[in-house]
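One structure is given here, and the rest of the page talks about it.
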Amino acid sequence: VTSLAPNDPERERRLKLWAWAVIGGAAVLGLGATLYGVFAPEPGEGEVARATLPASTAPNADPPAAPATPAPMPMHTGPLVESTQAPDVSATQRPTVKLVFSVVPAVKATVVWGKHRLGTISPRAPLIVERPRDSGPLDIVVRSPGFLPVHTRAYTFNDTVVDVRLTPLAKKDTLYGYRAPLPADAGAPPTP
Amino acid sequence: VRCKFRFAYAAALISCLGGCASGGEDPSPSNPGADPGSIEGSEQSALVAPPPQEVSAGERVLLMVDGPGGEKTESWISAQAAVSQGYTLLDLSDDWTPYIFAEQRDAAGQQLPNRYRRVFIGLANDQLDSDGEPLEPGEKNYLELYGIAPSLAVLRERFLRSEQETCVNPDGHAALEAVETVSYTSPAQMKQDAARVARTLKELEAARKKAKVATLEELVQQQPKLAPKLELVQKRAAEQVAMAEVEKRLVCEGLLKVAEPAAPGARAKRPDASLHTPGVYDEPMRLAVRKFQQKNKIYEANYLRKKTMDALSRPSLHNDHDSLERVMRERIMAVAGVLEDGSADTKNGPPQYLSASGEKKPLPNLSDEYTQTVMTQLGLTSPEASLAFMKRHGDFKRLLAAIKLPPRPEYYSKHMELSIVVDRGDVWYDPPFDENDKWRAQPRSRYPSLSLFMDYRGERVPLVRWRTTIGGWRSEQAPDGYEYYKYKGSDTGPRVMRNIISGPVWIAPESTPIRSLAKSKKVEGVWQPVVNYDELGPGYLSAYGLVAGYFVIPGENGAPDQDRGIRAHGSSDYLSIYQPDRYSHGCHRLPNHLAIRLYDFLLQHRNMKVNGDAPMNFWRQFLSGERVYEMRIPSRGYVYELDPPLPVNVLKGTIKGELQEPIEGFVPKPGVRYPGPPPDQKPAEGEEADVVTSASVRATTGASRGGPL
């Protein structure tokens, strides 16, 4: 280690380098923290947030099991309603079922069940809700800005994936049930 | 050791239980009609209670015995002893279901759960709603009219309430008895109707004064042509008094709430739509009458007709007793595995079968015979005796009763030669409106029927014959989003029934009018629009009711069956079955309770296997307003497979009217504006548009083109 005199130009150059290094590091840390704040999952979202609804709403159901290690995400490749594969014995014995909500296209969406906001589906992580087994269906509404709201249902007979297709507001004419407006002369008798 | 066994194997297992059957209780009643040497006697152990109900080895069951004074007293006997002594175990527990919803197991003993079983039990016990969610406290289901009879716990509550409050007003009883019906006058027409009656009365009074007689009756004697007018005035007067008594009765039963009259000088409040205005047949009144009819299984379309008025004039305890008898009837018929209910009788009496001895015997009405036998055995012979029975039993979480059933007729066996015949009766293919788009009547004198036949000793004998439906003109949604008429006929010819599905789901085709596929529902305290799963199922309100048998054309040489979508199924829409001008979309509907009886019977007397829940991967979206609705159907229902399949034949019936074949394609509805021709009549490119505006033009167009009509 070589000591440098206070007015030595080399010493001043090194000090400036250190100062820039500290400022740069702080900036990187700050940016990282900001980005984390923006993109980190919100409570009630994705794998980390698991909404367990009050069991009191379901009669005759066993109390929900204590939160355990999150189960691996069920595989789903399309608009799958319920697994048609042979049920896993351990899964059928659980007193609760897992309901996995996701949307296509992958955008941020909220899921509401009556007055309860169940949580948010993010582009990268579905919403997982746990409910007492066979405690009746959940009639939910999935909303996302720029898309028509979708009223759908999740069943609690067994583990279920609810993969909801969202339709942009401008494309509602692609949906079944769309009625073209009547032209002004509709219903006029045919011209002879 | 808890040893569980199925009744069907009870005899074999009793021996494994080490003489449980030989000791213990010695029930006194003997089998009144038992013939140990009969065919039935030899099969009884195999046929009794085929539902796989499970009984624990040491379980004790109720046995009513004759006391010294001839009165019935309760005793208890082990299940094994009861079965070994020829008793049938009648399940009176709250978790009873018909066979179609019973807990089934596969060959390996694994349980095959039925998704709808829990909901069925919850509905019968006033615990759940049709979605399987909890009922609001104090809310009642009253679903017997739709095929879900109340549990005995629910009936017990009714009996205890009726003991406190008979709901009969001694002073008003005569008023109810005085009228057979109460004419329906809509709230909008009430003033008009009252004015008409007042005018008529004024006319009569004027005529009386002119004729110088003392009473209107004397006037009518003098001038008989005035009799209808007097009848109208008197009928309305009697109905008004009866209506007031009906209101009191419905309030007493807890089915109607009446709006309090506003205090003089008080500020007028906005009327509460849920409260009834006295004297008016308003919506709360209509709903209360409907609930009363549902509670008492009366098919009278929400009006105060004869059966409804009769039930309203009876003490509630008597109605409760009748309810108990109906509930017991379904359970008795299920456990006995019988179906004959007298419905196949003609004006010449019951059908006859050729017995083994060569003599002709009349087909018995086992529904009545067995029900009366069991009600007597259990001492349930009067409303008071039934009330006493209910009071003796604190609850019905688990209660089995040992009963002795008379032997079944000789034609019974494990696998009976059965077949279904649907007679379409009178059939109209003509559109129900004329060339000016005016509705025209299409009367029928022969209505469609569904019969279950038995082949026995070379003869075909109908066991039951019930009214059913055939298809007709129905609204359909075309791809342009507009509704048209379309003829939805019932296929004719030989078919088979291979599958029976309990808790079936109806997959609404895209042509289903959107308006019927969405509804409003209270979800977690908030009203929100939802897909109308009531219509899709599973459920008592669904298009296929609680159970359906699927008609198919059997595939030959390994080809798959051809399914044209026709089923014989349960339905809550009983008016479509019993009203003269109603039709289905082609299916053959039965009231839910009869459909349950039919399929319970078939599954117990035909070789079959239980396939269990049939999961499916179905979803579809549709637009209504600015919302997307997504129907999701996770299961087709619970499948039983008949092997061999059941033969079915649908007879053509009598074609009425001009058209001998149905019109194909969409027919515009009279008075509806459309954006152009129906989608199936769009002109090819270069052709001139030919906008068809009425059904008659559509029919003519088809005829002139030589197309099918």
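One line per chain: the protein sequences are A and B, in this order.
Just so you know, the working numbering puts 128 at position 2 of the first sequence, and the rest follows in order with no gaps.
Just so you know, the working numbering puts 811 at position 230 of the second sequence, and the rest follows in order with no gaps.
Note that the Cβ used here is the ideal one computed from N, Cα and C, for glycine as well.
Just so we're clear, the structure is a prediction, and the values are computed from it rather than from any experiment.
Asked: Output the distance between the C-alpha atoms of Gln-802 (chain B) and Ala-819 (chain B), rounded to the nearest integer angstrom.; Found: 21 angstroms
Asked: How close, in whole Å, do the beta carbons of Tyr-1131 (chain B) and Leu-1184 (chain B) come, if the pair is a contact with beta carbons under 8 angstroms?; Found: Contact doesn't hold; Cβ gap of about 14 angstroms is too wide.
Asked: Going by the CB atoms, is the gap between Pro-1256 (chain B) and Pro-263 (chain A) shorter than 8 angstroms?; Found: no
Asked: In whole angstroms, what separates the C-alpha of Ala-688 (chain B) from that of Pro-258 (chain A)?; Found: 29 angstroms
Asked: Report the neighbours of Leu-308 (chain A) on chain B: residues whose CB is nearer than 7 angstroms to its CB, in chain order.; Found: Arg-1254, Pro-1256
Asked: Mind checking if Val-229 (chain A) is an interface residue toward chain B, Cβ cutoff 8 angstroms exclusive?; Found: no
Asked: If we call anything under 8 angstroms between Cβ atoms a contact, is Gly-728 (chain B) one with Gly-1252 (chain B)?; Found: no
Asked: For Pro-1110 (chain B), does the three-state DSSP call read helix, strand or coil?; Found: strand
Asked: Please report the straight-line C-alpha distance between Tyr-993 (chain B) and Ser-659 (chain B), rounded to a whole angstrom.; Found: 28 angstroms
Asked: Taking only beta-carbon positions, decide if Gly-758 (chain B) is within less than 8 angstroms of chain A.; Found: The sequence shown places Glu at residue 758 (chain B), rather than the Gly named in the question. It does not: the Cβ of Glu-758 (chain B) has no partner Cβ on chain A nearer than 8 angstroms.
Asked: Could you tell me which residues DSSP pairs with Thr-927 (chain B) in its beta bridges?; Found: B:Gly-930
Asked: What's the gap between the Cα of Ala-1124 (chain B) and the Cα of Gly-1167 (chain B)?; Found: 12 angstroms
Asked: Which residues in chain B sit within 8 angstroms of Arg-305 (chain A), going by Cβ to Cβ distance?; Found: Asp-1061, Gly-1062, Tyr-1063
Asked: Between B:Leu-1179, B:Ala-869, B:Gln-661, B:Gln-1023, which has its C-alpha nearest Leu-831 (chain B)'s C-alpha?; Found: B:Ala-869
Asked: Between Leu-292 (chain A) and Val-276 (chain A), how many whole angstroms is the CB-CB distance? I'm expecting something under 8 angstroms.; Found: 6 angstroms
Asked: Could you name the residues of chain A that Phe-1203 (chain B) contacts, counting a contact when the two beta carbons are closer than 7 angstroms?; Found: Leu-301, Tyr-302, Gly-303
Asked: Taking beta-carbon pairs under 9 angstroms, can you tell me which members of the segment 1110–1130 of chain B lie near chain A?; Found: Pro-1110, Val-1111, Val-1112, Tyr-1114
Asked: List the endpoints of the continuous alpha helix (DSSP H) containing Asp-1061 (chain B).; Found: Segment: none, Asp-1061 (chain B) is in no alpha helix (DSSP H) and carries neither H nor E.
Asked: Of the residues that make up the segment 272–296 of chain A, which ones have a beta carbon closer than 7 angstroms to any beta carbon in chain B?; Found: Leu-274, Pro-275, Val-276, His-277, Thr-278, Arg-279, Tyr-281, Phe-283, Val-290, Arg-291, Thr-293
Asked: Buried or exposed, going by whether 16 or more other CB atoms sit within 10 Å of the CB of Val-164 (chain A)?; Found: Bear in mind that the predicted position of Val-164 (chain A) carries a pLDDT of just 39, short of 50, making it too unreliable to give a figure here.
Asked: Expressed to the nearest angstrom, what Euclidean distance is found between the alpha-carbon atoms of Arg-544 (chain B) and Leu-920 (chain B)?; Found: Given a span of 582 to 1290 for chain B in the structure shown, any question on residue 544 (chain B) remains unanswerable.
Asked: So what does DSSP say about Glu-1207 (chain B), is it helix, strand or coil?; Found: coil
Asked: At a Cβ cut of 7 angstroms, what residues of the segment 246–270 of chain A count as close to chain B, listed as they run along the chain?; Found: Asp-260, Gly-262, Pro-263, Asp-265, Val-267
Asked: Is the segment 930–942 of chain B touching the segment 705–712 of chain B in the sense that three or more CB pairs, one from each, lie closer than 8 angstroms?; Found: no
Asked: Are the C-beta atoms of Lys-1295 (chain B) and some chain A residue less than 8 angstroms apart?; Found: Because chain B in this structure spans residues 582 to 1290, residue 1295 (chain B) falls outside the shown range and cannot be described.
Asked: What residues of chain A sit near Glu-1057 (chain B), judged by a beta carbon separation below 7 angstroms?; Found: By Cβ distance, chain A contributes nothing, its closest Cβ being about 13 angstroms from Glu-1057 (chain B), past 7 angstroms.
Asked: Can you say whether Ser-1101 (chain B) is buried or exposed, counting buried as having 16 or more other CB atoms within 10 angstroms of its CB?; Found: exposed
Asked: Determine the chain B residues that contact Lys-298 (chain A) at a beta-carbon separation under 9 angstroms, and present them in chain order.; Found: Leu-1204, Glu-1207, Val-1209
Asked: If you drop the 5 nearest sequence neighbours on each side, which residues of the same chain put their C-beta closer than 8 angstroms to that of Arg-765 (chain B)?; Found: Note on identity: in this sequence residue 765 (chain B) is Tyr, with Arg being the wrong assignment. Closer than 8 angstroms at the Cβ level, and outside the excluded window around Tyr-765 (chain B), lie Tyr-862, Tyr-884, Leu-885.
Asked: According to DSSP, simplified to helix, strand and coil, what is Ser-623 (chain B)?; Found: Here Ser-623 (chain B) scores only 32 on pLDDT, less than 50, and its place in the model should not be relied on; the value that follows carries that caveat. Note: Ser-623 (chain B) maps to helix in three-state DSSP.
Asked: With DSSP run on the structure shown, which of helix, strand or coil describes Ser-228 (chain A)?; Found: strand
Asked: Three or more C-beta pairs under 8 angstroms: does that hold for the segment 922–933 of chain B against the segment 1007–1026 of chain B?; Found: no
Asked: Tell me the residue span of the beta strand (DSSP E) that contains His-899 (chain B).; Found: Premise fails: His-899 (chain B) lies in the alpha helix (DSSP H), 897–917, not in any beta strand (DSSP E).
Asked: Rounded to whole angstroms, what is the Cα-Cα separation between Leu-1072 (chain B) and Arg-910 (chain B)?; Found: A small fix is needed here, since residue 1072 (chain B) is Asp in this sequence, not Leu. The alpha-carbon atoms of Asp-1072 (chain B) and Arg-910 (chain B) are separated by roughly 34 angstroms.
Asked: Would DSSP call Tyr-1037 (chain B) helix, strand or coil?; Found: strand
Asked: Can the beta-carbon of Arg-1170 (chain B) be found less than 8 angstroms from the beta-carbon of Leu-1227 (chain B)?; Found: no
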